[in-house]
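As they're listed, the protein sequences go chains A and B. Here the UniProt record's numbering is used: the first residue of the first sequence is 1, the next is one more, and so on. Here the UniProt record's numbering is used: the first residue of the second sequence is 1, the next is one more, and so on. Where a beta carbon is used, it is the ideal one built from N, C-alpha and C, also for glycine. Note that the structure is predicted; figures quoted are calculated from it, not measured.
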Amino acid sequence: MSFRLPSGGRLIDRTSELKFTFNGRIMRGFAGDTLASALLARDQMLMGRSFKYHRPRGVVASGAEEPNALMNIGEGGRFEPNQRATTAELFDGMAARSQNHWPSLEFDVGAINAKFARFLPAGFYYKTFLYPRHFWKYVFEPIIRQSAGLGAAPKEADADTYEHFYAFCDVLVVGGGIAGLMAARDAAADGKRVIVLEQNGHWGGRAPVDGAVVEGKPADEWVSVTLQALEANDNVTLRDRCMGAGVYDHGYVLGYERITDHAPANDVPRHRLWRIRAGHVVTATGALERPLSFAGNDLPGVMLASAVRDYVVNHAVAPGKRTVVVTNNDDAYRTAEVMVNAGLSVPAIIDARPSVDEALISKFSDLGVEVKVASAIAKVKGKDRVTGVAICAQDSNGSVSTTIECDAVAMSGGWSPVVHLWSHCGGKLTWDEDQAMFRPDPNRPPTNQTGEGFVSVVGWANGEIDQGDIAPVWIMPQGASIETRNKMWLDFQNDVKVSDVQLAAQEGFESVEHAKRYTTLGMATDQGKLSNINGLAVLADALDTGIPQVGTTTFRPPYTPISMGAIAGEARGEIFQPLRRTPMHAWHEKNGAHWEPVGHWRRPYCFQQPGESVEDAVNREITNTRTSLGLLDASTLGKIVVKGPDAGKFLDMLYTNMMSNLKPGKCRYGLMCSENGFLMDDGVVARIDEDTWLCHTTTGGADRIHAWMEDWLQCEWWDWKVWTLNLTEQFAQVAVVGPNARTMLETLGGMDLSAQALPFMGWADGKIGDFNVRVYRISFSGELSYEISVPASEGLAFWEALMEAGEPFGITPYGTEALHVMRAEKGFIMIGDETDGTVIPQDLGLNWALSKKKEDFLGNRAHSRSHMADPTRWKLVGLETVDGSVLPDGAYAVADGHNENGQRNMIGRVTSTYYSPTLDRGIAMGLVLHGPDRMGEVLAFPRVDGTVAYARIVSPVFYDPEGEKQNV
Amino acid sequence: MKRYSAFAIAREAANYHQGWERAWAKRAPKKRYDAIIIGAGGHGLASAYYLGKNHGITNVAVLEKGWLGGGNTGRNTTIIRSNYLQDPSAAIYEKARSLYETLSQDLNYNVMFSPRGVIMLAQTHHEVRGYQRTAHANALQGVKTEWIGPERVKQLCPIMNIEGPRYPVLGGLWQARGGTARHDAVAWGYARACSDMGMDIIQQCEVTGVTSEGGKVTGVQTSLGDIGCNSLGIVVAGHSSHVAEMAGFRLPIESVALQALVSEPIKPCMDVVVMANTVHGYMSQSDKGEMVIGGGTDGYNNYTQRGSFHHIEETVRALIETFPMISRLKMLRQWGGIVDVTGDRSPILSKTPLEGCYINCGWGTGGFKAIPGSGFGFAELMAKGYSPLTAEFGMERFREGRFIDESVAAGVAH
Ligand SMILES: Cc1cc2nc3c(=O)[nH]c(=O)nc-3n(C[C@H](O)[C@H](O)[C@H](O)COP(=O)(O)OP(=O)(O)OC[C@H]3O[C@@H](n4cnc5c(N)ncnc54)[C@H](O)[C@@H]3O)c2cc1C
């Protein structure tokens, strides 16, 4: 049994008792306990079930490498699955549940899998479930899915918050053990800005557990003195409970700080993601002990020797009363010594090495511990818990010499440096034959922007490990039969056994990546931290090659799993992305706006009156505007100032039209094409003065077009004297539209808005009422229209003034849908509707906008490609359904027959389709093969339900073809 | 070749599975082959497979510089769908999807094709219209898709938040027979079947040069020596420009990193694949229980198979908006692959200026789903000089301006 020792425990505070529940049972532990140590103290060795066979499992490790003891912790919005009991610090009220079993941890129906283990070797699912065909989806897969998966799925939205920190330093030290603290001290002494990250809630790493003496002081004392000195230095930042999660290019490092996991709180973020730019990174991440592979090594009670030691020294918890130590190196002897000193029994040390230092043997026989040299565990006895071990010779095939009763086994297969952070960004490893481990190769570090190494490694992480003599023993005994190898676990969580890796090799999965994927070795939540090296060694042996030839799999961030919440940070819900509001936003909100997201903006789709449907609102807005007066908030339209001596030349390249010859005071509608000739944006350009133009873009296009301009100016035409500025948010813009527009504006007094003073396609600065305005006579609706801009700060006041002055005319605000319908009635194209990135101006009958006078413009050369001049390109037409109904959006016109691939032949498609209240019928625009030459022809547009709509090809201008209404 | 089945497993179990043969043979390269495929990714292996299966050409070698399936084929998030907009795309992706339906049986290898359904969310009016257009096109292309409303979306995927606040779900394009498959199994299954037909799959064999005579290909130089061939297929994804250069031509391809990540495994909570293009992220749950997550490509060209973290951040953020519960899951692993992206985001399956040399590349961020269809068409192109499936994907289209642009549905806002 496992239990709490009467005294000791360097990390626990026996005066502070904490209450927690495990699977609903109330238990008690001490402050300083981990969930694992607290459970062990209550003799709760069984902590979980394995992934594939649902084997009963106890804790094996004491840190990040733990594969078995994973818990569902918390409730409701604070529930989180798959938490390692070994790193979960106990707090009062913690509610923990074990995972992956039904109905209970003790009686798990899934354990039946273990009975069939023989039929479920590595990759069995690739070879079976093939017939009958539909069974995979409907029968086999659901069963597999249900028995796989570990923790429960969280049900509720997260009740916690998260944040990001940004930090810069000269030297970042990851790992707060002795080596890390020394590195920090040295860097700080050099006057460097230093940040030190330690994943645990305590400093010092392994040394204090192992009773090390550092610079003449006991480790604990050295650590506290050194910490004090570092804390006193302003250049040094120390963070505990903060793990170095990943190293990325250019000295970018992620730190993952767990702020409230050990002490839940409402008013602080739960996790904090540190985004650190470091001049240099020192990893001092220590080493992890490896298990050994022998039959039954996965039984609860078999643990890493170092973990056993940790529990005794740190938490005063003994995993057993009689512990057998099994090892291939000197280090595990420390565990035996610790146990004996704690008054516990160690009947034997099973040492696989052919010979062991005599001094060591006699030291331990003095302590009453028998050392069995060249020996191995033939088998661990027990069903749900260790009851004993059968011993055999290491170089035998397993015939048992003796049996020893025990209730715990402490195993050590040697140590592996934690090289993850070194490797994330390309640091290479070298195999150290003597020490049987991969260590960082100092000649091949990860390199920075100047080609120099930017990560270095110190201490155990660098392979400076004090494990004494080690023999490269990976399985016990050496000559174990297949039956025995079938019971030796490598990857505990995923149930990968020695026989599985050997099967992979036998079947040709020779590359380490193949073997990993075929067997799932190292793919569990510990990502192979515990036993990947053991697996590689078994693979190398099976392939009759060396471990370095086999190599490792790729080390990828994060070092241990980090929360999605921390990755996302603050940006969630309303502030997930910036929300852009026009100055009139609040007014719209108050007046029934039905919102539509357009990029980051919100625009009113329409303004609903009480009891009105969306459709009715749109129709009312259109009719009202066409017959009297409407108001549109056009502030979101892009407004980019282009200025400089070469601005005209620049705009001539950017637009298909000529812009350099536009007269100040005049406006011109312009088109922009991509280099491939496709129409990408349109808008009205106004020439402000000799070297200033103001370019209007589409709402969605503003930022993109500004970036596009800068791209050309910075990368291609860097010597042209042109400056651009995106003023979209600096101005509010209102379109005053309808036959009564001028009359209404004149009631406000101010500038002359007559057709003579301000003709169509002209603009002027002046005053309307008390407002300083710039007025453009442009129209996207076909009506008399003034687009008026005022400084953003006056937008709302101006809008309200217009609404008030418009009252006698029955003014109505209108939204984007009315805007769309009115432009369609006029046959004006809309970027994003008539265009989709594959349409050129010629397709839309806009050849008039392609200047013939210019030598060049973006897209010009592309237009001469053969397919662009192809007469079979679909061209813009108007479409009217035969019965007056509205054509389905996105429908295609078909011709008879099928193409080579059996698809219906298509000859056109609908690009926009609306009900027009002005014409009281459906109208549409579309692109049709030879369209403009086929006026009057009726086309068939199949609907998705199989029925067909018929529409006649007509002119795309449905309303006021002569333009009499806008030009008055 | 020993056939795989539940009975075979039971039989082999008696001897602790020590009787299983190699999945694919290990052979040294011969002096000469009728056809050589460079690149043992899914597309290269499938091309070889259909050369043998459909055209009787089995004197074939597939040369792989690393380990087979180790490129993007073994790194992708395995979404399979065919509801593409443009005719040529819909044809080849639907061919692929329909071949996936029976691939496990054809290959005698369980590739775990799981037609659990794919939803592409519409979260703006613009997207609604784009997907309705796709639904119309698909109906005429013989691709089964359906426009569904927000309630149906919620019903299919209860863990989704359809109410915003920023981008409420307005509906979605639903392909019920889209889904996922096990990526490694696709590569391994094809490799095993190729090997069974007598083809040589040669790993750790990097092609370093292409030899020709009088404008016609004669063979390749490799790290294992020179190997002759009558026809050559270059199927190397992220390394396409590089190998094309060896064959003496240039490609309109950029190689960029695309990243993905998985959470720790949890019990089943999501039965469909969801793609959310407005916020930019997609997610499904693997049979192991991991949430498999992906997003957009990095902004710069790169060959390192690593990407920048801010992409991971944006993707995770987008998915927490869509699936709030994942906030309390943890990211287990992130990785990247180098994808080969063309100017119009559609692949190139083409003859090349070098006679006898063909290229299959440009699958970019979405070619896993296409593997069987691409192999089917490319094999036909190599064997006969023409395939209706690949006809529109020739590389001359870039010179002619005849693009096959699939980014259309996600075009621009007004
Ligand atoms: C993160 C990520 C997520 C993705 N998600 C999806 C998805 O959900 N759905 C989807 O459909 N697609 C997805 N894709 C895309 C998909 O993975 C690829 O389009 C597809 O796998 C490409 O297959 P391939 O055979 O062309 O390339 P690869 O699998 O990359 O194979 C090319 C092979 O060529 C070899 N090679 C290169 N140069 C040489 C040489 N000189 N000599 C010999 N061999 C050489 C390489 O080693 C490699 O094995 C994703 C990609 C990534 C990176």
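Closer than 8 Å to chain A by CB, residue i
| i | result |
| --- | --- |
| B/K330 | yes |
| B/D87 | yes |
| B/W20 | yes |
| B/H414 | Note on B/H414: pLDDT 31, under 50, position unreliable in the model; the coordinate value appears next. Taking Cβ atoms only, chain A reaches closer than 8 Å to B/H414, which makes this a yes. |
| B/A91 | yes |
| B/I148 | no |
| B/H17 | yes |
| B/E313 | yes |
| B/G411 | The predicted position of B/G411 is uncertain, since its pLDDT is 37 and thus under 50; no value can be drawn from it. |
Residue range of the beta strand (DSSP E) that includes residue i
| i | result |
| --- | --- |
| A/P942 | 938–942 |
| A/H54 | Counting along the chain, A/H54 falls outside any beta strand (DSSP E), and DSSP gives it neither H nor E. |
| A/Y126 | First-last for A/Y126: 124–127, but that is the alpha helix (DSSP H), not the beta strand (DSSP E). |
| A/A696 | What sits at residue 696 of chain A in the sequence shown is His, not Ala. Where A/H696 is concerned, the enclosing beta strand (DSSP E) stretches over 692–697. |
Neighbour flag for residue i against chain B, beta carbons, 8 Å
| i | result |
| --- | --- |
| A/I562 | yes |
| A/P440 | no |
| A/H54 | no |
| A/F124 | yes |
| A/M868 | yes |
| A/F129 | yes |
Residue range of the alpha helix (DSSP H) that includes residue i
| i | result |
| --- | --- |
| B/C194 | 183–196 |
| B/S47 | 42–55 |
| A/W222 | 219–231 |
Collapsed DSSP secondary structure at residue i in the structure displayed
| i | result |
| --- | --- |
| A/A410 | strand |
| A/M658 | coil |
| A/D351 | strand |
| B/W363 | coil |
| A/I482 | helix |
| A/T728 | helix |
| A/V329 | For the sequence presented, residue 329 of chain A should be read as Asn rather than Val. Looking at A/N329 - three-state DSSP - the assignment turns out to be strand. |
| B/Y100 | helix |
Member of the options whose CA lies at the smallest distance from the CA of residue i
| i | options | result |
| --- | --- | --- |
| A/D833 | B/S5, B/K154, B/R129 | B/R129 |
| B/G307 | A/S345, A/H250, A/K321, A/D298 | A/H250 |
| A/G648 | A/R626, A/E690, A/G191 | A/E690 |
| A/T560 | A/L46, A/F3, A/G24, A/A64 | A/A64 |
| A/T430 | A/I923, A/V550, A/Q733 | A/V550 |
| A/G468 | A/N329, A/A393, A/P604 | A/N329 |
| A/A153 | A/E141, A/G180, A/M71 | A/M71 |
| A/T87 | A/T226, A/H262, A/E75 | A/H262 |
Heavy atom of ligand 2 within 7 Å of residue i beta-carbon
| i | result |
| --- | --- |
| B/K369 | As presented, the structure is devoid of ligand 2, carrying ligand 1 as its sole ligands. |
Any contact of the stretch 247–267 of chain B with the stretch 313–332 of chain B, i.e. 3+ C-beta pairs under 8 Å?
-> yes
Decide if the stretch 356–367 of chain A is in contact with the stretch 265–283 of chain A; the criterion is three or more beta carbon pairs, one per stretch, under 8 Å apart.
-> no
With contact counted as at least three CB pairs below 8 Å, one residue from each stretch, are the stretch 572–590 of chain A and the stretch 160–167 of chain B in contact?
-> yes
At least three beta-carbon pairs within less than 8 Å, the stretch 8–20 of chain A to the stretch 444–463 of chain A | no
So, do the stretch 320–335 of chain A and the stretch 74–84 of chain A have three or more beta carbon pairs nearer to each other than 8 Å?
-> no
The stretch 135–144 of chain B in contact with the stretch 198–208 of chain B per 3-pair CB rule at 8 Å = no
Is the stretch 907–927 of chain A close to the stretch 813–821 of chain A, with three or more CB pairs under 8 Å?
-> yes
Is the stretch 891–898 of chain A close to the stretch 928–948 of chain A, with three or more CB pairs under 8 Å?
-> yes
Assess, as a yes-or-no matter, whether the stretch 273–290 of chain B is touched by the stretch 114–132 of chain B under the definition of 3 or more beta carbon pairs within less than 8 Å.
-> yes
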